[in-house]
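To start, the structure under review is shown below, and the notes come after it.
Chains as they are written, first to last, in my numbering: chain A, 513 to 1018; chain B, 189 to 578.
Written out as structure tokens, the structure is:
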């Protein structure tokens, strides 16, 4: 019997409708969160000359922004759990905007660190988490596709921001550009406005209506216990097998994930390719990435892959690693273009599935807290990865060692994921078998067996074989959970319930 | 008794054997040098106790050789001896401003015998010696033609080596110290030529023809042109009340000795002099000049600025056009975008408020999708038996 009813989803995610508008909002938010710090590098040369500082001091602006964005994850989680996604994203958008506007009046490099780095980074964190969470709450069946589409925001926004930033810089200088960027980033508020909280009203109850619209006593109990549980959620997540696999694998993986992106252009220049062609490589990378992400989402949604989506992710990590290991074999401009295309494919696949796999392991209910923990712990590898690789290149003098190192890290992580998820899937099967034998069924109950395809997954330990729904009256929580197995999300059970049973006997 | 004597003799031998005689680990090397050049002779000796090293100059042939002791400061301070006695003895003899009289044999002598300098006794252990020959020859004449190239578009540089007794192993050309491509030849002829098809700021500079005679002989030919002055950016943008730096570079040879900045305002030329106002600051180095203008104003500072560099052949200049952006230039797009954001957010919220009453009615059992048809489709996908709402 499942211990925590708190982790169950007690409504049916719409899987469409307004959900697509929410995906658009998430697209914009996620796009700004990831692309914004990277796109600011266009201004660095000018700002460096203006304030007379060294390049590494200026590069700190981007690093502080990225660090704050990752480190503020848990704060965003708490706020999302409390207030829902919409207000948090809107406040986040306003914060980034305010940060950029203040930065445009900055008189020293420390101003930039504070305004762009800290305030901007915090705002972006408040954008990233809720977007991911709300996509998870609106979609279940089509969730991989929705995630893939939302994550496409990153390359698309980067691709648009890069030339836009150059244009703004030429026309207005860096101060004017920061002011205008502050306005552009305010569009995250529009994205936030789109993130209407998912309607969980099965029967409207005129209680204090937090956006999540709890309906029944049962659920009220759940939220109460959830409130108490929230304080301990850190600990319980760390006992979650899937979460631990994800966390450990990702932390190691991030050391070697972003470095090749950062060093792609310098490597190309080192090979003797001129500056424009080197920049072209990054554009090719972004375009390939842009198309691969939704495709991966779509592939992840198919009935062959969805049940084993963790293996798909492991394959993506492995593919990345192999790409990097083979990179030093690529010679000349054409070779590098081939490498960039494959790298774009691999990277896009990985990013599209990055949060989908976490949702798959944890379930949408606890996703927000989980992703907060994951980002703050990943903060270290994300920040340290490129500088360590850079130091490696400087000390050994050749870029190929960088690619070997990153390739080995990624291949190792891919194998780790494969093995651990195989073990995890096996364990989940065992647990589900155990729970199936404990299920009680009354003669009145009709079993509606659902096909084991989209929507019926191993959320924390159970029924991949199918959902069993009960018709008839629901009494206690126990029989409810007994029906649906040990699942986090008893999604389709409600659709089986007759209207009278809804609201649980009034 | 005999045993005692034997033992004592053995002990003495052992004690003696612990002291090792001096031996060279590095000997001075023979060399050939030109007059006015300088040279070094290096000597390293090991031994226990640490040996003393001396330098001697040997003139004449056997058996009528004359030995002259060289000390630090000899020969009118042209001799410098640097010796260290740590672990082993090292000594370096520096000879500067060589003359043909410096030619001869130089001897490095070392000894660690305690009685080595005693005048009364004949030393039991001789000083060990190591010799090196130093030959000083007159610098041969290299005739370079032309001696200088001024402001030409093409030229042929040639060098002729006369009165050299040394064998010629080849020749090459250097431009500003770097080897000129394809100029390295192994022909042992005492002449060499270099064709310069296009003389521009890349190919102008100090050319040296080098003959590989060990030691090498070189001659310099300067190829000079007008300075090539270029601005970093021909169109610069500044912000109102801000400051801006205009930079001009020069390439070629020789570098300008004078830089001037002139502001062109409507057919009027106004030279800018450093230090007259706080507004302008000029910093110049031979190959770069920069003009810093503070507190830009749209009325007075917009226009063309000309930087001119002058060298011994003449003057060249370049112009930079300065534009000043108003403080408020970025404000209009900013306000425009903020307005767009506010309008969009308002539209979304108003749309939502309008739908809210409808939503509650629609929403009885199909979950949370606002549009019934969609939720129907979704449920069909899952193959669930549809229940119709009553």
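The C-beta atom is built at its ideal place from N, Cα and C for all residues, glycine as well. Only a predicted model underlies this, so the values are computations on that prediction, with no experimental measurement involved.
How many Å lie between residue 876 (chain A) and residue 522 (chain A) at the Cα? Within the first chain, numbered from 1, the residue matching residue 876 (chain A) stands at position 364. Within the first chain, numbered from 1, the residue matching residue 522 (chain A) stands at position 10. Whole-angstrom Cα-Cα distance: 11 angstroms.
Extent of the continuous beta strand (DSSP E) to which residue 450 (chain B) belongs: As a working mapping, residue 450 (chain B) is identified with position 262 in the second chain. Taken as a continuous stretch (DSSP letters only), the beta strand (DSSP E) holding residue 450 (chain B) covers 446-453.
For residue 376 (chain B), which three-state DSSP category applies? Here residue 376 (chain B) refers to the residue found at position 188 of the second chain. Here residue 376 (chain B) sits in coil by DSSP.
Please return the same chain residues whose Cβ sits closer than 8 angstroms to the Cβ of residue 387 (chain B), not counting the five positions on each side in sequence. Counting from 1 along the second chain, the entry for residue 387 (chain B) is found at position 199. Cβ within range, chain order: 337, 340, 341, 342, 343, 411 and 413.
Just to confirm, are residue 576 (chain A) and residue 625 (chain A) a CB contact at a threshold of 8 angstroms? The residue given as residue 576 (chain A) occupies position 64 in the first chain. The residue given as residue 625 (chain A) occupies position 113 in the first chain. For residue 576 (chain A) and residue 625 (chain A), yes; Cβs fall inside 8 angstroms.
I'd like to know whether the C-beta of residue 427 (chain B) is nearer than 8 angstroms to at least one C-beta of chain A. Working through the second chain from its first residue, we reach residue 427 (chain B) at position 239. It does; some Cβ of chain A falls within 8 angstroms.
Which bits of chain B does residue 701 (chain A) rub up against, with CB to CB less than 7 angstroms? Translated into the one-based positions of the first chain, residue 701 (chain A) becomes position 189. The contacting residues are 529 and 533.
Chain-ordered neighbours of residue 692 (chain A) on chain B, where CB pairs are closer than 8 angstroms: As a position in the first chain, residue 692 (chain A) is number 180, starting the count at 1. Correct list: 518, 521, 522 and 525.
Residues in its own chain within less than 7 angstroms of residue 916 (chain A) by CB, not counting five upstream and five downstream? Residue mapping note: residue 916 (chain A) aligns to position 404 of the first chain, counting from 1. Within the same chain, residue 916 (chain A) has close Cβ partners 837.
Proximal chain B residues relative to residue 631 (chain A), where beta-carbon distance stays under 9 angstroms: By one-based count along the first chain, residue 631 (chain A) stands at place 119. Per Cβ cutoff of 9 angstroms: no residues; residue 631 (chain A) is ~18 angstroms from chain B at best.
Quick test of the definition: if touching needs 3 or more C-beta pairs under 8 angstroms, does the region 801-817 of chain A touch the region 890-907 of chain A? Contact fails: fewer than three Cβ-Cβ distances are below 8 angstroms.
List the endpoints of the continuous alpha helix (DSSP H) containing residue 826 (chain A). By one-based count along the first chain, residue 826 (chain A) stands at place 314. Where residue 826 (chain A) is concerned, the enclosing alpha helix (DSSP H) stretches over 821-838.
Check whether the Cβ of residue 540 (chain B) lies closer than 8 angstroms to any Cβ atom in chain A. The count along the second chain starts at 1 and reaches residue 540 (chain B) at position 352. At least one chain A Cβ lies under 8 angstroms of residue 540 (chain B).
I'd like the ranges of any alpha helix (DSSP H) spanning at least 4 consecutive residues and lying wholly in the region 587-622 of chain A. 597-616
Should residue 245 (chain B) be flagged as near chain A, meaning a C-beta pair shorter than 8 angstroms? Taking the first residue of the second chain as 1, we reach residue 245 (chain B) at position 57. Proximity of residue 245 (chain B) to chain A, defined by a Cβ-Cβ separation below 8 angstroms, is not satisfied.
Which one or two residues does DSSP pair with residue 258 (chain B) in a beta bridge? Translated into positions along the second chain, residue 258 (chain B) becomes position 70. Residue 258 (chain B) is bridged to B:243.
Note down, in chain order, all residues in the region 486-519 of chain B with a beta-carbon under 8 angstroms from any beta-carbon belonging to chain A. 513, 517, 518 and 519
Please report how far the alpha carbon of residue 255 (chain B) lies from the alpha carbon of residue 332 (chain B), in whole angstroms. Working through the second chain from its first residue, we reach residue 255 (chain B) at position 67. Working through the second chain from its first residue, we reach residue 332 (chain B) at position 144. Spanning the two alpha carbons is a distance of roughly 43 angstroms.
Could you say if the region 861-873 of chain A and the region 816-834 of chain A meet the contact criterion of at least three C-beta pairs nearer than 8 angstroms? Contact between the region 861-873 of chain A and the region 816-834 of chain A is present, because at least three Cβ pairs lie under 8 angstroms.
Using CA coordinates, which residue listed in B:373, B:350, B:351 and B:347 is at the minimum distance from residue 358 (chain B)? Walking along the second chain from the start, residue 358 (chain B) turns up at place 170. Closest by alpha carbon: B:373.
Do residue 661 (chain A) and residue 535 (chain A) have their CB atoms nearer than 8 angstroms? Here residue 661 (chain A) is taken as the residue at index 149 of the first chain, counted from 1. Here residue 535 (chain A) is taken as the residue at index 23 of the first chain, counted from 1. Their beta carbons are under 8 angstroms apart, which means residue 661 (chain A) touches residue 535 (chain A) by this criterion.
Kindly list, in the order they appear in chain B, the residues whose Cβ is closer than 7 angstroms to that of residue 696 (chain A). Along the first chain, one-based indexing puts residue 696 (chain A) at 184. Within chain B, 525 have C-beta atoms less than 7 angstroms from the C-beta of residue 696 (chain A), given in sequence order.
So, with DSSP's three-state summary, where would you put residue 428 (chain B)? To locate residue 428 (chain B), count along the second chain from 1; it is residue 240. If DSSP states are grouped into helix, strand and coil, residue 428 (chain B) belongs with coil.
State whether the region 513-522 of chain B contacts the region 534-544 of chain B, with contact taken as three or more CB pairs (one from each stretch) at a distance under 8 angstroms. no
Rounded separation between residue 701 (chain A) and residue 673 (chain A) - CA only: Mapped onto the first chain, residue 701 (chain A) falls at position 189. Mapped onto the first chain, residue 673 (chain A) falls at position 161. Their Cα atoms are separated by approximately 18 angstroms.
Residue 729 (chain A), DSSP secondary structure in three states: As a first step, residue 729 (chain A) is located in the first chain; it is residue number 217 there, counting from the start. Only weak support exists for where residue 729 (chain A) lies, its pLDDT of 40 falling under 50; the value from the coordinates is given anyway. Shown here, residue 729 (chain A) sits in a helix according to DSSP, grouped into three states.
Hey, would you say residue 213 (chain B) sits closer than 8 angstroms to residue 233 (chain B), going by beta carbons? Translated into positions along the second chain, residue 213 (chain B) becomes position 25. Translated into positions along the second chain, residue 233 (chain B) becomes position 45. Going by C-beta atoms, residue 213 (chain B) is nearer than 8 angstroms to residue 233 (chain B).
Taking all protein chains shown into account, decide if residue 933 (chain A) is buried (16 or more other Cβ within 10 angstroms of its Cβ) or exposed. The sequence position of residue 933 (chain A) within the first chain is 421, counting from 1. Buried.
Same chain, Cβ closer than 8 angstroms to residue 554 (chain A), five either side skipped, listed in chain order: Indexing the first chain from 1 puts residue 554 (chain A) at position 42. Taken in chain order, the residues that qualify are 674, 677, 678 and 681.
Is the Cβ of residue 536 (chain B) closer than 8 angstroms to any Cβ of chain A? Indexing the second chain from 1 puts residue 536 (chain B) at position 348. So yes, residue 536 (chain B) belongs to the interface.
Of all the CB atoms in chain B, is at least one closer than 8 angstroms to the CB of residue 684 (chain A)? Sequence index remark: in the first chain, residue 684 (chain A) carries index 172 (1-based). At least one CB atom of chain B sits nearer than 8 angstroms to the CB of residue 684 (chain A).
Quick check: what's the CA-CA separation for residue 286 (chain B) versus residue 265 (chain B)? Your numbering for residue 286 (chain B) matches position 98 in the second chain. Your numbering for residue 265 (chain B) matches position 77 in the second chain. Taking the straight line from one Cα to the other gives about 12 angstroms.
Just to make sure I have the definition right: I need the residues of chain B whose C-beta is within less than 8 angstroms of the C-beta of residue 809 (chain A). Which are they? Translated into the one-based positions of the first chain, residue 809 (chain A) becomes position 297. Within chain B, no residue comes near residue 809 (chain A); the closest Cβ sits about 16 angstroms away, beyond 8 angstroms.
Quickly, what does DSSP pair residue 477 (chain B) with across the bridge? List them, please. Position 289 of the second chain, counted from the first residue, corresponds to residue 477 (chain B). Residue 477 (chain B) pairs with B:436 and B:472.
Interface residues of chain B facing residue 688 (chain A) [CB-CB closer than 8 angstroms]: Looking up residue 688 (chain A) in the first chain gives position 176. What residue 688 (chain A) touches in chain B: 427, 513, 517 and 518.
Which residues in chain B have a C-beta closer than 8 angstroms to the C-beta of residue 705 (chain A)? List them in chain order. Locating residue 705 (chain A) in the first chain gives position 193, where the first residue counts as 1. Simply 532, 533, 536 and 537.
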